[in-house]
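All remarks here apply to the structure that follows.
Residue numbers (full-length UniProt numbering): 1 to 291.
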């Protein structure tokens with residue numbers, strides 16, 4: 001689409017340049033004609049009319065050439081069917097040949113009329129002009145002027161060419177309008193996609209921020225879990241030590257309780273019989289250990 005825009009801009013620039021050249025050509029041609037004609041007002045009027053017609057034909061030819069160039073570039077850039085391009089090219093070639101023939105006929109007539117002194121033509125009496133027109137021996141009767149039928153046919157062909165050119169221009173403008181609409185739709189779709197991309201980037205950035213936050217929270221939780229495990233290990237070690245101490249104390253308490261019971265039993269036996277008490281006391285494990 002950018003290429004089509006660029007081509008259209010280039011065609012507009014070329015058309016402006018061609019128009020400037022045509023205007024310069026008109027000015028130079030008018031100056032030459034005015035320099036040639038040191039004539040009266042009526043003669044100048046006739047010459048100006050001839051020049052205007054010639055300029056009109058030249059403008060038509062230039063516009064036709066510009067249209068041909070634009071259409072050829074357009075058909076070379078747009079992927080149309082080969083048959084359509086060939087038909088259009090043949091039509092352009094035919095119309096160009098017709099224009100060349102019309103221009104040649106007009107230029108030939110103009111040159112022949114310019115060769116004759118204009119002052120003598122304007123100053124001749126009306127009767128002499130009529131005699132020259134009806135005189136078959138005069139060399140002016142053999143001027144290679146085109147017939148009215150041929151001129152009419154050529155004018156019809158020229159009008160048909162202009163109509164075809166207008167239709168082609170209208171078709172080109174329609175296609176350009178369709179391309180502009182398509183480009184506008186593409187631009188809108190591109191804007192929508194850009195908005196979606198920007199929104200997706202924002203969502204991605206937000207998700208990354210949340211992920212970083214969750215990762216930090218998870219790292220903190222893992223650190224706290226490690227600390228809790230360490231505290232639990234210390235507590236378990238302390239509990240094991242306390243259990244071991246408790247077992248030792250329990251064993252000592254059991255030993256003391258048994259010893260106390262043995263002493264009480266010995267004291268009772270001493271009261272009953274001193275000899276038995278001595279033997280019992282000697283046989284007690286505590287006494288044996290003491291010995």
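Glycine included, C-beta positions come from ideal geometry on N, C-alpha and C.
Please report whether the beta-carbon of residue i lies at a distance below 8 Å from any beta-carbon of chain C.
i: residue 251; result: This model lacks chain C altogether; it includes just one protein chain.
In the structure shown, what three-state DSSP assignment does residue i receive?
i: residue 18; result: helix
i: residue 132; result: Note that residue 132 has pLDDT 46, beneath the 50 cutoff, so the model's placement of it is unreliable and the number below is only indicative. In this structure, residue 132 counts as helix in the three-state DSSP scheme.
Got a sec: does the ligand SAM put a non-hydrogen atom nearer than 7 Å to the Cβ of residue i?
i: residue 261; result: Ligands are entirely absent from the displayed structure, and the ligand SAM is therefore not among its contents.
* Is the region 175 to 188 in contact with the region 1 to 20, if contact means three or more CB pairs nearer than 8 Å? -> yes
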